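Asks: In the numbering used here, the protein residues as written are 23 to 242.
One structure follows; several queries about it will come next.
This is how it looks when you write it as structure tokens:
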């Protein structure tokens, strides 16, 4: 990190639940468990927290998490959009809050029953209010999953820079390596090779294979 934020904030604790196909808990409970685990990791308590940042797509609002954990007051609460891409944005929000004195201890969290609860690809979650503007570029053509959305941008990237699906596969292999070392991960002790990646079936040819796609799971 460079510029005015350099050396002004630090990540001091990390927490997570197990990742599974069926958590058996609400997303709010998963969020609280993950936040509590992060606090335990760095020796802090709920009373030390004065900031919470999460994702706009999730159901566990900052105020609900604060209430259920016994966080007495928040000087910062925020939500960052853009789905899976919001993770880095939540950390940036937290760093800016600490660097400017808005908050001292900020927790970034996400909790999602992505396997047993909401599933991508269906129309059930669209409601009667019409499509959000960003989805209007995809839905009329039947593109209803993250893989199909990303495929458009990935195909353009391949065309512009001359990369192949095997080049993308390196990212999947590295991601899976880290999951294989995490006891809470669904694929703990199950790494993959680039050969495994290239042998997996196409999801969107010639852009994305099955092992380019993330594992749908429940967790926080």
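We put the CB at the ideal spot given by N, CA and C, even for glycine.
Treat the numbers as computed from the prediction; the structure is a model and nothing was measured.
Consult DSSP for residue 193 and reduce its assignment to one of helix, strand or coil.
Replies: Note: residue 193 maps to helix in three-state DSSP.
Asks: Count Cβ pairs between the segment 168-177 and the segment 201-213 that sit closer than 8 Å; are there 3 or more?
Replies: Because the criterion of three Cβ pairs below 8 Å is not met, the segment 168-177 and the segment 201-213 do not touch.
Asks: Where does residue 130 sit, in a helix, a strand or coil, going by DSSP?
Replies: If DSSP states are grouped into helix, strand and coil, residue 130 belongs with the strands.
Asks: What residues in its chain sit with their C-beta under 7 Å from that of residue 63, if we drop five residues either side in the sequence?
Replies: Cβ within range, chain order: 35, 36 and 37.
Asks: Rounded to whole angstroms, what's the CA-CA distance from residue 118 to residue 60? Just pull it up for me.
Replies: If you take the alpha carbons of residue 118 and residue 60, they lie about 20 Å apart.
Asks: Look at the alpha carbon of residue 242 and the alpha carbon of residue 44, and state the distance between them as a whole number of angstroms.
Replies: Going from the Cα of residue 242 to the Cα of residue 44 covers about 13 Å.
Asks: Apart from the five residues on each side of it in sequence, which residues of its chain come closer than 7 Å, Cβ to Cβ, to residue 250?
Replies: For residue 250 there is no data in the structure shown, the boundaries of the chain being 23 and 242.
Asks: I think residue 97 touches residue 125, with their Cβ atoms under 8 Å apart; what is that distance to the nearest whole Å?
Replies: With 8 Å as the limit, residue 97 and residue 125 qualify as a contact, their Cβ atoms being about 5 Å apart.
Asks: Taking the alpha-carbon of residue 239 as reference, which of 71, 135, 128 and 94 has the nearest alpha-carbon?
Replies: Residue 239 has its Cα closest to that of 135, out of 71, 135, 128 and 94.
Asks: Are the Cβ atoms of residue 237 and residue 191 separated by less than 8 Å?
Replies: Contact flag unset, no.
Asks: What does the Cβ neighbour count give for residue 230, buried or exposed, with the cut at 16 atoms within 10 Å?
Replies: Result: buried.
Asks: Would you mind giving the Cβ-Cβ distance between residue 78 and residue 102, rounded to the nearest angstrom? I have them listed as a contact below 8 Å.
Replies: The Cβ separation is near 7 Å, so the contact holds.
Asks: Over the uninterrupted beta strand (DSSP E) stretch that includes residue 100, give me the two end residues.
Replies: It spans 98-102 - the beta strand (DSSP E) in which residue 100 sits, taken as one unbroken run.
Asks: In whole angstroms, give me the CA-to-CA distance for residue 186 and residue 180.
Replies: Rounded to whole angstroms, residue 186 to residue 180 spans 6 Å at the Cα level.
Asks: Indicate whether residue 95 and residue 74 have their beta-carbon atoms separated by less than 8 Å.
Replies: Against a cut-off of 8 Å, the Cβ pair of residue 74 and residue 95 comes out as no contact.
Asks: Starting from residue 66, follow the alpha helix (DSSP H) in both directions and report where the run begins and ends.
Replies: Neither: residue 66 is in no alpha helix (DSSP H) and is coded neither H nor E.
Asks: Taking the alpha-carbon of residue 72 as reference, which of 107, 160, 30 and 120 has the nearest alpha-carbon?
Replies: Closest option to residue 72, Cα to Cα, is 120.
Asks: Run through the DSSP bridge pairs and tell me what residue 77 is partnered with.
Replies: The partner list for residue 77 (beta bridge, DSSP) reads 102.
Asks: Just to confirm, is the Cβ distance from residue 127 to residue 70 under 8 Å?
Replies: In this structure, residue 70 lies closer than 8 Å to residue 127 by Cβ.
Asks: Would you say the beta carbon of residue 164 comes nearer than 7 Å to a heavy atom of the ligand NAP?
Replies: Questions concerning the ligand NAP fall outside what the structure shown contains, since it holds no ligand whatsoever.
Asks: Looking at the unbroken alpha helix (DSSP H) that takes in residue 171, where does it start and where does it end?
Replies: Element bounds for residue 171: 168-183.
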